[in-house]
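Below is one structure, written out as structure tokens; comments come after it.
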Amino acid sequence: MHLNPDRFFDSDPEIRSLARELYGSVKNLPIISPHGHVEAKILAEDLPFPNPTAMFILPDHYIYRLLYSQGIALESLGIATFDGTPVETDHRKIWQIFADNYYLFAGTPTSLWLTHELIEVFGVNEKLNSKNAMAIYDHLQNQLQKPEFRPRALYERFNIEVLTSTDGAADSLEYHRQLRESGWKGRVIPCFRPDALVNITESGWRQEIEALSRAVGFEVNTYQKFIEAIENRREFFKSMDAVSTDQGIESAYAHRLSLKDAEAIFQRALIGRADAEDNRQFTANMIMEMARMSVVDGLVMQIHIGSKRNHHQRNYRRFGLNTGADIPITSEFTVNLQELLNEYGDDPRLTLVVFTLDETTYARELAPLAGYYPAMKLGAAWWFHDSIQGMIRFREMVTETAGFYNTVGFTDDTRSFPSIPARHDLCRRVDANFLAGLTVRHIIERDEAQVLIKALAYDLAKKTYKL
Amino acid sequence: MHLNPDRFFDSDPEIRSLARELYGSVKNLPIISPHGHVEAKILAEDLPFPNPTAMFILPDHYIYRLLYSQGIALESLGIATFDGTPVETDHRKIWQIFADNYYLFAGTPTSLWLTHELIEVFGVNEKLNSKNAMAIYDHLQNQLQKPEFRPRALYERFNIEVLTSTDGAADSLEYHRQLRESGWKGRVIPCFRPDALVNITESGWRQEIEALSRAVGFEVNTYQKFIEAIENRREFFKSMDAVSTDQGIESAYAHRLSLKDAEAIFQRALIGRADAEDNRQFTANMIMEMARMSVVDGLVMQIHIGSKRNHHQRNYRRFGLNTGADIPITSEFTVNLQELLNEYGDDPRLTLVVFTLDETTYARELAPLAGYYPAMKLGAAWWFHDSIQGMIRFREMVTETAGFYNTVGFTDDTRSFPSIPARHDLCRRVDANFLAGLTVRHIIERDEAQVLIKALAYDLAKKTYKL
Amino acid sequence: MHLNPDRFFDSDPEIRSLARELYGSVKNLPIISPHGHVEAKILAEDLPFPNPTAMFILPDHYIYRLLYSQGIALESLGIATFDGTPVETDHRKIWQIFADNYYLFAGTPTSLWLTHELIEVFGVNEKLNSKNAMAIYDHLQNQLQKPEFRPRALYERFNIEVLTSTDGAADSLEYHRQLRESGWKGRVIPCFRPDALVNITESGWRQEIEALSRAVGFEVNTYQKFIEAIENRREFFKSMDAVSTDQGIESAYAHRLSLKDAEAIFQRALIGRADAEDNRQFTANMIMEMARMSVVDGLVMQIHIGSKRNHHQRNYRRFGLNTGADIPITSEFTVNLQELLNEYGDDPRLTLVVFTLDETTYARELAPLAGYYPAMKLGAAWWFHDSIQGMIRFREMVTETAGFYNTVGFTDDTRSFPSIPARHDLCRRVDANFLAGLTVRHIIERDEAQVLIKALAYDLAKKTYKL
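Chains as they are written, first to last, in our numbering: chain R, 1 to 467; chain H, 1 to 467; chain X, 1 to 467.
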């Protein structure tokens, strides 16, 4: 098993050769990861990853959701439960199941990332299968004990320039502080994500408000105090080097409530009487408020739209959030974002990066909007679309209307630390190939392609996120 | 006129040569046709097809709808009417019109299937046109009289392993019985389709209930008896070798009604007072019930979503159902199927195969759902999308999220018997080319492609439908 | 800088060489422009274009919207305001801004059209950039003073056979009359666009009714007189060589109101009391009425669906209509057009050409409808989709269901006169390449491709619009 140097490039010799050249010019650029879910804790503590299963499988719902789809119980894969259901704890057994079913991943980006990780990061030279599963497990386990496989060493080997975590609004950012005080040169910055405070009908919302109260040092018992607390926490995040916020929201609907209406909903929420429509209106209002705050404090505003979370409710009760059961729904931006864009869309102080799970909005809504409103930029092909065809569709449907410069480079959004270089490498290859395809058809010129590949791989992310 | 051995393959030499090899490994595999509309009667009676027009044109709305779209009256094409309007009965005249307008089919799969049929099945060696129309008609007519062009002979020549018909719930399956008793070795199995019993607002519904009552031997005058009758008929179909059910439904909305509500709607339907909302709720309930029954009896459950039937109402009154006037509408699966998937989606006894006419749901909803829920699988690109580009879009939008193993192989769904091998051949070629494209870009490996082409051409259908 | 003769063709040698041949057979065919926004006045007066900025930038929101999206104020680009806000009047300064930011257009069709125009029409041989901006400005300015760069000379050089303008219902068509009386051989015909009369809730609607009253010579104070006036104006347009009408409408919803209801809405509109639902119903009714009138007078009916106009309301108040702030929304045709198609869809006297901004409707709704209803044809990939990938998606999603002959050739829809040959040339190249791709994969035959390229480039437009 080896990584073909021309992988993911078109087989046409003209395109392939130019893609190789363009990719070659950026393959060694540092990685900017402006949004993701690797925890700062990992780098702050810098402990060895305990074993291959804990490193590759347990944090990565891309992997276990596909195994589950073929009838393999999540319990047998060791996914932790909240309801006391026992789960497999023998990590070797879990790895064996994974290896036995590795063929299921053919054609998915997960298989491409894993292949990259196993070969490039861990020096595995055979394709994982039932027979070699334990030998590869042992090899990986052995590597993981070495100092050069500790998180910070990997961070450096991966050539990461900035790594952004995602953190709740009330988070102490203790690990970020530790990292900063450690003298280590890696740059691991937080991103402010207030979702748990915005979802007023979630069961844990009251506790989140209490955590927020503790974090700000006053009781958050009115809407105005809530807003003040959010502003306060944004300032704190900014003081801890945050450059951005993020909201994961089902709908892009943005609408400012009157203070009176917002307060009334907030009070209903406090006594557990807010309903779904309250939640919808409160969320719409908070999108407006987050934009207003970004205008003031300069944090880049990100919104991720269109996932129906926790689709399988029994599994949600058993396994909790973020276990692969979030399913996309139709999204709408033209009408939903109109109020926000009318109010802030031409404000030079705002950068609004929009991500979607509904590709039908690329050409119809997002590219036309981003190709008009100065504040709005398009986030990369995201989540289920962080894939070769997903990226190609993104570029093909966005570029002709919005150009390249209203997009913001690649976002890995990963929970799997060792997948970071694999994901960025794949994107750089796909972008190089896309630009090569445009060049050989004389849609762009060679010198433009050379500038653009660098913009897509590095410059645009750095500029958009003010890094 | 000949069939180029590399047809439908990419012109890139690397892809073409590998596609040729992959296709070569499956081109002679038997055909499994797990869903379609060729009637068992044809094979039970094994009579010669009367003439080329009756064989190619009259049963195939793919053909006459396109002629109609260019202003050719359906009456002039001999499409039977229900309202007494006279239609052309001279089959040679109809064939001449078809030949005169054959150029209209350029770029459509219909033209590719017809070319395959005319050359491969009937030994025609000129492209149909105005001048040779009658000569080709005569040639075909001559062939059709020969024993080797009778239905069973063709079935054998086509190398069909299983052919599935689609049959109403009250159908006696008389022709299936005849076939079974004939000693002929062909395997022609029924599929249970209860649509006419589910559409409670259709004008013929009362008669369907009466037919059902006769079939089960008791009066179906309550909802509970209705359910009992459906279960009873499913058992009968199963005893007649059925392995699956099918429902063609406008919306995927699934929702269980209380027994009381279901009964109330059923009683309103019996007295002709059910309205559109009753129909919607009753249908949603029947999707749930069909899933429940499949869990019990093991029949594979298929749902075909998103066609607005009989769009042209005047033509519907004149020509009836299934005459090319069914037009797709937007579909939704994430919300609509949630209740069903929450209840049965992880039940190992259920296989739910979902077909859509709304390609926007492939990447957004269907692949994420099928890549999570163990019971759910994705049916092939269907109907208007049973075409080269349709299949490519399906694979490109589905594979990266759901892999190949959550899809079920090819479904021809045809009403035209001689089109079966043409349709399967086209799909095998497109799949071979798709896999070749992945391989030359090093997205999958050659040995994976070799396994996958067989899975897509044969294994997955056999496994999914338990054949 | 030069125009590569193989631009926009696939790099595969087989496809490229056939594309070159097919394109070669149509590149010199006359241009039929059946729909656009170049004003007849330009050709009637035949004055020199005042300067490069006025020619290229000021009329073309494709250009300035993208500059605006990157934070360049519309005022600094000289876009005229309605509210007295001062704007840049130094056209050289504006040109310099344009040149400084020309790199933003990489990958957009605008850059391809401009390159074509600068090289082919104006003999510029360097790529526009900050340094050569003024030199190129001077060169262009110099050219524009020459007789061979006057509008009629360019019209002739562009080899235009028919150019269609778009004109309000009350327009006097004075410039069309001048052109006709001038003895000049160019054919510049009007198209009847009644939008301003149909949008009963627009602020200017009363004045439009007054203008209509003056144009027809009687007071339009009832719905019946309104209809009579529309019919009257259509007759006038027809007498001035119009062959078509056009309506730009947010939704395709078509529904006939009773005379009583229509009259009631009309009377509410006259006293300024019509609301959004009135507008929706009145518009739906007018789609039906326009179809009815087309059946009578034979004008080809065009509808352009799915743009939410004037999304940025502050900019709308300042800069007015058609300044790049129209953003597409989801569209629906299957249900919305059912009443219209049931009533007129099989009437041989009607030609209904449908344009969409929602590409998801191509394969799902529009191709199935156009592949069935004789009256309905599909307009070309439009506006944001008038681009290489936009055209490819159109052909790929439409052809397999509707064939080529239910489409109508290319519509440039441009406001920029010198872009006309560039836009038609690009489309001819993309179509040639598409047909070459089908041919090398043996989906169509070479002789079919040769006929089809001429159909797409010329014949279909001529036939559809009865030119």
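Backbone N, C-alpha and C define an ideal beta-carbon position, used for all residues, glycine too.
Being a predicted model, the structure only gives us computed values, none of them experimental.
Each residue's CA atom was taken as its position, placing Ala40/X and Leu128/H some 47 angstroms apart. Residue contact with chain R for Pro421/X: absent (no Cβ-Cβ distance below 7 angstroms to any residue of chain R).
Taking the beta carbon of Pro34/R as reference, no residue of chain X falls within 7 angstroms; the closest one sits roughly 20 angstroms away. Assignment of beta-bridge partners to Lys131/X by DSSP yields no partner. The CB of Ala325/H comes closer than 7 angstroms to the CB of Tyr372 in chain X, given here in chain order. Residue environment: Asn4/H is assigned as exposed (fewer than 16 neighbouring CB atoms within 10 Å of its CB, all protein chains considered). A buried status is given to Met391/R, since no fewer than 16 other beta-carbon atoms sit within 10 Å of its beta-carbon. Within the DSSP bridge table, the entry for Phe355/X names His304/X as partners. Leu369/R has a beta carbon lying within less than 7 angstroms of a beta carbon in chain X.
Proximity of Pro328/R to chain H, defined by a Cβ-Cβ separation below 7 angstroms, is satisfied.
Membership of Met288/R in the alpha helix (DSSP H) is indicated by the continuous run Ala276 to Asp297. In the pairwise beta carbon analysis, the segment 235–244 of chain X is classified as not touching the segment 269–285 of chain X: fewer than three pairs are separated by under 8 angstroms. With distances taken between CA atoms, Thr351/H lies nearest to Lys377/H out of Ala402/H, Lys377/H, Ala363/H and Cys191/H.
With a contact defined as Cβ atoms closer than 8 angstroms, Tyr465/X and Pro190/X miss out at about 13 angstroms. Proximity of chain R to Gly107/X at the Cβ level (cut-off 7 angstroms) is accounted for by Thr399, Glu400, Gly403, Phe404, Leu438, Ile443 and Ile444, in chain order. Using beta-carbon distances, Arg7/X counts as an interface residue toward chain R, with a partner under 7 angstroms. Assignment of beta-bridge partners to Gln247/R by DSSP yields Ile303/R.
Around Asn406/R, the same chain offers Ala370, Gly371, Lys377 and Leu378 as residues with beta carbons nearer than 7 angstroms, after the five sequence neighbours per side are excluded. Within 7 angstroms of the CB of Leu104/R, the CB atoms of chain H belong to Gly403 and Tyr405, in sequence order along the chain. As for any alpha helix (DSSP H) of minimum length 4 sitting wholly inside the segment 317–350 of chain H, the runs are 338–344, ordered along the chain. The Cβ atoms of Tyr362/R and Leu341/R lie no closer than 7 angstroms to each other.
Apart from sequence neighbours up to five positions away, the residues of its chain that approach Glu126/R with a beta-carbon distance below 6 angstroms are Met1 and Asn132, ordered along the chain. Within the segment 199–240 of chain X, the runs of alpha helix (DSSP H) that reach at least 4 residues and sit entirely inside it are, in chain order, 205–216 and 223–239.
Counting the other Cβ atoms within 10 Å of the Cβ of Asn28/R gives fewer than 16, which makes it exposed.
One thing to note: Val354/R has its Cβ no nearer than 7 angstroms to the Cβ of Val300/R. Taking 7 angstroms as the cut-off, the beta carbon of Ile42/X is found closer than this to the beta carbon of Pro151/X. For Glu445/H, the CB contacts under 8 angstroms within the same chain, skipping 5 residues up- and downstream, are Thr439 in chain order. Counting along the chain, Ile32/X sits inside the beta strand (DSSP E) bounded by residues Ile31 to Ser33. Only Val335, Gln338, Leu341, Asn342, Gly345, Asp346 and Pro348 from the segment 335–352 of chain R bring a Cβ to less than 8 angstroms from some Cβ of chain X. Burial check for Phe218/R: the Cβ neighbour count within 10 Å stays below 16, so the residue is exposed.
Of all residues in the segment 55–76 of chain R, only Arg65, Leu66, Tyr68, Ser69, Gln70 and Gly71 come within less than 7 angstroms of chain H when Cβ atoms are compared, listed by chain position. For Ala363/H, the closest Cβ of chain R is nearer than 7 angstroms.
A check of alpha carbon separations from Arg349/R across Arg395/R, Phe394/R and Ser294/R identifies Ser294/R as the nearest. At a C-beta separation below 7 angstroms, Gly390/X has these neighbours in chain R: Glu400.
Per DSSP, Thr399/H is one residue of the alpha helix (DSSP H) stretching across Ile388 to Ala402. Taking a beta-carbon distance threshold of 7 angstroms, Glu332/H does not count as an interface residue toward chain X.
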